[in-house]
């Protein structure tokens with residue numbers, strides 16, 4: 281299968297998801313089930329095609345889109361642009377730049393910094 285054909289298949293699947301994007305809280309459970317199915321299908325069929333991070337955010341932020349119309353519009357526009365590029369056989373450059381560790385480690389780092397600051401205040405400077 282040609283690269284362009286794979287991109288077209290992914291674009292069609294993303295279009296179907298976009299059309300089913302929830303607009304009220306009652307639709308969220310069904311949405312998240314559909315997004316899990318999409319992810320499983322994509323990983324099984326196209327494991328070597330990385331998608332831009334905007335797809336991950338789109339899959340996970342449905343609850344925010346339901347609450348925030350501006351956020352919904354921004355995400356829908358970004359996904360539509362990606363789909364249009366994929367339909368032309370183009371995938372935006374995938375970059376692994378950015379967070380290279382799980383975000384929970386930010387919390388750990390914050391706690392360590394707090395412990396150090398408290399030690400400094402009460403033991404060293406005190």
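Residue numbers (the numbering used here): 281 to 406. Just so you know, even glycine gets a beta-carbon here, dropped at the ideal spot from N, CA and C. This one's a predicted model, so the numbers in the text were calculated from it and none came from an experiment.
| field | Short Cβ contact (7 Å threshold) for residue 294 with residue 363 | value | Yes.
| request: Put residue 336 into one of helix, strand or coil per three-state DSSP. | output: The DSSP-derived three-state label of residue 336 is helix.
| field | Straight-line Cα distance separating residue 303 from residue 349 | value | For the pair residue 349 and residue 303, the Cα-to-Cα distance works out to about 9 Å.
| request: Might you give, ordered along the chain, the residues of its own chain that have their beta carbon closer than 8 Å to the beta carbon of residue 308, omitting 5 neighbours on each side? | output: Exclusion of the five residues before and after residue 308 leaves 302, 342, 343, 346 as the residues of its chain whose Cβ lies within less than 8 Å of its Cβ.
| query | Since residue 290 contacts residue 326 with CB under 8 Å, what's their CB separation in whole angstroms? | reply | Distance from residue 290 to residue 326 at the Cβ level is roughly 6 Å; contact confirmed, criterion being Cβ atoms closer than 8 Å.
| request: Go to residue 308, then tell me how far its alpha helix (DSSP H) extends in each direction, as first and last residue. | output: Where residue 308 is concerned, the enclosing alpha helix (DSSP H) stretches over 308 to 325.
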